[in-house]
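Colleague:
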Amino acid sequence: QLPLFPTEGEGEEYILPPLKTRALTPESSLASAIGGFHDYMVRQGFTQNTIKAFLGDLRLLSRYTGLTKPVQEIATQTLRDFLTYLRYHRGVPCTPKSYARRVTTLKVFFKWLAEEGVIPSDPAAALIHEPASSPLPQVLYDAQVERLLEVTKGRMEGDKADARPHLLVTLLLHTGLKKEECMNIKLSHIDTSDPAASVLYVRYDDPRKRRKERKLRLPPDFAETLSLYLEEYAPKEHLFECTARNLEYVLADVAEEAEIKEGLSFERLRMTSAVRDYRAGTPSDRLREKLGLSKVTWREKEKQIKMLAGPAL
Numbered sequence: 001q002l003p004l005f006p007t008e009g010e011g012e013e014y015i016l017p018p019l020k021t022r023a024l025t026p027e028s029s030l031a032s033a034i035g036g037f038h039d040y041m042v043r044q045g046f047t048q049n050t051i052k053a054f055l056g057d058l059r060l061l062s063r064y065t066g067l068t069k070p071v072q073e074i075a076t077q078t079l080r081d082f083l084t085y086l087r088y089h090r091g092v093p094c095t096p097k098s099y100a101r102r103v104t105t106l107k108v109f110f111k112w113l114a115e116e117g118v119i120p121s122d123p124a125a126a127l128i129h130e131p132a133s134s135p136l137p138q139v140l141y142d143a144q145v146e147r148l149l150e151v152t153k154g155r156m157e158g159d160k161a162d163a164r165p166h167l168l169v170t171l172l173l174h175t176g177l178k179k180e181e182c183m184n185i186k187l188s189h190i191d192t193s194d195p196a197a198s199v200l201y202v203r204y205d206d207p208r209k210r211r212k213e214r215k216l217r218l219p220p221d222f223a224e225t226l227s228l229y230l231e232e233y234a235p236k237e238h239l240f241e242c243t244a245r246n247l248e249y250v251l252a253d254v255a256e257e258a259e260i261k262e263g264l265s266f267e268r269l270r271m272t273s274a275v276r277d278y279r280a281g282t283p284s285d286r287l288r289e290k291l292g293l294s295k296v297t298w299r300e301k302e303k304q305i306k307m308l309a310g311p312a313l
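Once you know that position 27 of the sequence shown is 27 in the numbering used here, the rest is easy, because the numbers rise by one and skip nothing.
Structure, rendered in structure tokens:
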């Protein structure tokens, strides 16, 4: 039988397989509840990194309370004492980011137990969430966007015309795609039936990520740019059949010509897209869906986007 948790070290790679758990009761042990929670995370499509992090946090809780502790005996004060232990008495540094994630883990885990009727109330509901503040993301100023587009449009002219920089930059500025999503675009995901209103379908092969699938509008000139690009590069299946590193070089090259000293990245264009959409009046929920973000991730990201899009103080 496989162990519920790794026994050595802090950076384990071990991930539990989905479990077929028996119905949980208030008397069920913490170990049984964690097993059921893992099954729930897999079925809900949590990422492997999230599952790994949450299990690691719950492993620490089980070491603190004991694996056989009945879940009904874990009270709010138990969790507060546990968090104090992590911060001050464990003997291992607990960064603000790690602390914030561990609070999130407790809230998600015990909320699930309460919603499933395993426990009568959620002991983690009263915990104060102190999210670790991330630095404001870098975005392009309007003047930088104008210079950048002048450069990419210029690349489509002359004897050595190259439509790829303009295709890539306008795609990212209008859709806010992640690098992974950009690299996964297949030609079959793009609908140019109406050239003035082209559409991209963001799709995932991994069934756990299919909640992130969405339909996005493309810029008005995308179909024309795409046609030029296809003539030049003749991709067979994916829109970009080079490496992500190659596209990063393309971005670095046009950033240098546009005199964007801080450089250009997929993430910077993604956040620039989000800020421009927010400023244009895109509703919050719609923007979250466009970016493919969970409600938990969106909480902090929305604050940053709102600050960047709003007027100066």
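Every residue gets a Cβ at the ideal spot worked out from N, C-alpha and C, and that includes glycine.
1) If I follow the unbroken beta strand (DSSP E) through VAL202, where does it start and stop?
2) Please return the same chain residues whose Cβ sits closer than 8 Å to the Cβ of GLU232, not counting the five positions on each side in sequence.
3) Which parts of the region 83 to 109 are runs of the beta strand (DSSP E), unbroken and 3 residues or longer, counting only runs that do not cross its ends?
4) Please confirm if the region 227 to 243 is in contact with the region 207 to 216, defined as three or more CB-CB distances below 8 Å between the two stretches.
5) What is the DSSP secondary structure of SER193, reduced to helix, strand or coil?
6) With distances taken Cα to Cα, identify the nearest neighbour of GLU248 among PHE240, SER265 and GLU259.
7) Give the secondary structure of ARG214 by DSSP, where H, G and I count as helix, E and B as strand, and everything else as coil.
8) Could you check the C-alpha separation between VAL296 and ALA143 for me, to the nearest Å?
9) Going straight from the alpha carbon of GLU262 to that of ASP285, what length do you get?
10) Look at the Cβ atom of TRP112, then the Cβ atom of PHE37, and state whether they are nearer than 8 Å.
11) Nearest-angstrom Cα distance between LEU148 and GLN48?
12) Quick one: Cα of GLN304 to Cα of ARG210, how far?
13) What residue from ALA223, ALA125 and SER29 has the CA that sits closest to LEU187's CA?
14) Compare the C-alpha of MET307 against each of PRO137, ILE119, LEU61 and PRO93 and name the closest.
15) Would you kindly work out how many angstroms separate the C-alpha atoms of VAL92 and ARG102, rounded to a whole number?
16) Assign ARG288 to one of two classes, buried (16 or more other C-beta atoms within 10 Å of its C-beta) or exposed (fewer than that).
17) Once DSSP output is grouped into helix, strand and coil, what is the label at SER188?
18) Could you give the uninterrupted runs of the alpha helix (DSSP H) lying entirely in the region 217 to 245, keeping only those of 4 residues or more?
19) When the Cα atoms are used, what is the spatial distance from THR21 to LEU293?
20) Contact between the region 167 to 177 and the region 268 to 287: three or more CB pairs below 8 Å?
21) Can you find the residues in the same chain that come closer than 7 Å, C-beta to C-beta, to LEU313, ignoring five residues on each side of it along the sequence?
22) Could you round the C-beta distance between HIS129 and ILE185 to whole angstroms and report it? I think they count as a contact, below 8 Å.
23) Write down every uninterrupted run of the alpha helix (DSSP H) in the region 115 to 179 whose length is 4 residues or greater and which is fully enclosed by it, in chain order.
24) Assuming GLU181 contacts VAL202 under a Cβ cut-off of 8 Å, what Cβ separation, rounded to an integer in Å, is found between them?
25) In the structure shown, what three-state DSSP assignment does PRO70 receive?
Modeller: So, from the listed chains and residues:
1) 199 to 202
2) ALA161, ASP162, ALA163 and ARG164
3) none
4) no
5) coil
6) SER265
7) strand
8) 33 Å
9) 31 Å
10) yes
11) 36 Å
12) 26 Å
13) ALA223
14) PRO137
15) 14 Å
16) buried
17) helix
18) 222 to 233
19) For THR21, the predicted structure reports a pLDDT of 48, less than 50, and the residue's modelled location is therefore unreliable. A value from the coordinates is still provided. The straight-line gap from Cα to Cα measures roughly 29 Å.
20) yes
21) none
22) At roughly 36 Å, the Cβ-Cβ gap does not stay under 8 Å, so HIS129 and ILE185 are not in contact.
23) 142 to 154 and 164 to 175
24) 6 Å
25) strand
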